[in-house]
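The structure appears below as structure tokens.
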Amino acid sequence: MLSRDEALQLVKKHVPNKNLVKHMIAVEGVMRRLAGRFGEDAEVWGLAGLLHDLDYMETVDNFDRHGFRTVEILEDADVPSEVLHAIKAHPGHVQRETDMDKALYAIDPLTGLIVAAVLMHPEKKLSALDVEFVTRRFKEKRFAAGANREQISSCSDLGLELGEFIQYGLDGMRDFASELGF
Numbered sequence: 001m002l003s004r005d006e007a008l009q010l011v012k013k014h015v016p017n018k019n020l021v022k023h024m025i026a027v028e029g030v031m032r033r034l035a036g037r038f039g040e041d042a043e044v045w046g047l048a049g050l051l052h053d054l055d056y057m058e059t060v061d062n063f064d065r066h067g068f069r070t071v072e073i074l075e076d077a078d079v080p081s082e083v084l085h086a087i088k089a090h091p092g093h094v095q096r097e098t099d100m101d102k103a104l105y106a107i108d109p110l111t112g113l114i115v116a117a118v119l120m121h122p123e124k125k126l127s128a129l130d131v132e133f134v135t136r137r138f139k140e141k142r143f144a145a146g147a148n149r150e151q152i153s154s155c156s157d158l159g160l161e162l163g164e165f166i167q168y169g170l171d172g173m174r175d176f177a178s179e180l181g182f
């Protein structure tokens, strides 16, 4: 299987936008945490999170190709088929079938909400945030308006309450705080 270092090299090759790279690492962190919750392989789930937007710079103006192009890029890489399916499912191009698919779909906008909450918090650190603070921001529709609340709320498809899901988000992102710069 493709190692994290190899995957990160691919990300840096295809994604020149540093904030997008940080987003992908944030999603990886939360995916790893949720894998543990469901007794799944954190390396496999983390790979899905790290690679999910690999094609974003190429497909930003052609959303119908988002995810599919990533699968093409990874054609010769040793990436598990369930990771490739989750990557195609996260933008809604194929049905979300597995817990990995559902998790990636819900986590994608959650990380944006959490980053926005960090940036508006007086301390500007992930360690300063708690579930209550992020939940209050979640309820403010104008705050981080691009973070799709319905998509985040789909955590219920995994049997998770919103607060529990946010806690996994915070913990997973804290695991990579040094790489995220928070």
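Okay, so the sequence shown: first residue is 1 according to the UniProt record's numbering, each after it adds one. Where is the CB? At the ideal position from N, CA and C, for every residue including glycine. Being a predicted model, the structure only gives us computed values, none of them experimental.
According to the DSSP assignment, A117 belongs to the alpha helix (DSSP H) that extends over D99 to M120. Boundaries cannot be given for N148, as no alpha helix (DSSP H) includes it and DSSP labels it neither H nor E.
With contacts defined by Cβ atoms closer than 8 angstroms, A117 and S154 do not form a contacting pair. Cα atoms of E72 and H66: separation of roughly 11 angstroms, rounded to the nearest angstrom. In the assembly as shown, F176 is a buried residue. Its beta-carbon has 16 or more other beta-carbons within 10 Å.
Annotated three-state conformation of H66 is coil, per DSSP. Comparing alpha-carbon positions, the option among F182, L180 and F165 lying closest to R33 turns out to be F165. The continuous alpha helix (DSSP H) containing S81 extends over residues S81 to A89. In this structure P91 is buried. Its beta-carbon is surrounded by 16 or more other beta-carbon atoms within 10 angstroms. About 7 angstroms separates the beta carbons of T111 and M173, which is inside the 8 angstroms limit, making them a contact pair.
The C-beta distance from A86 to A48 rounds to 4 angstroms, short enough to meet the 8 angstroms contact threshold.
Each residue's CA atom was taken as its position, placing A42 and G36 some 6 angstroms apart.
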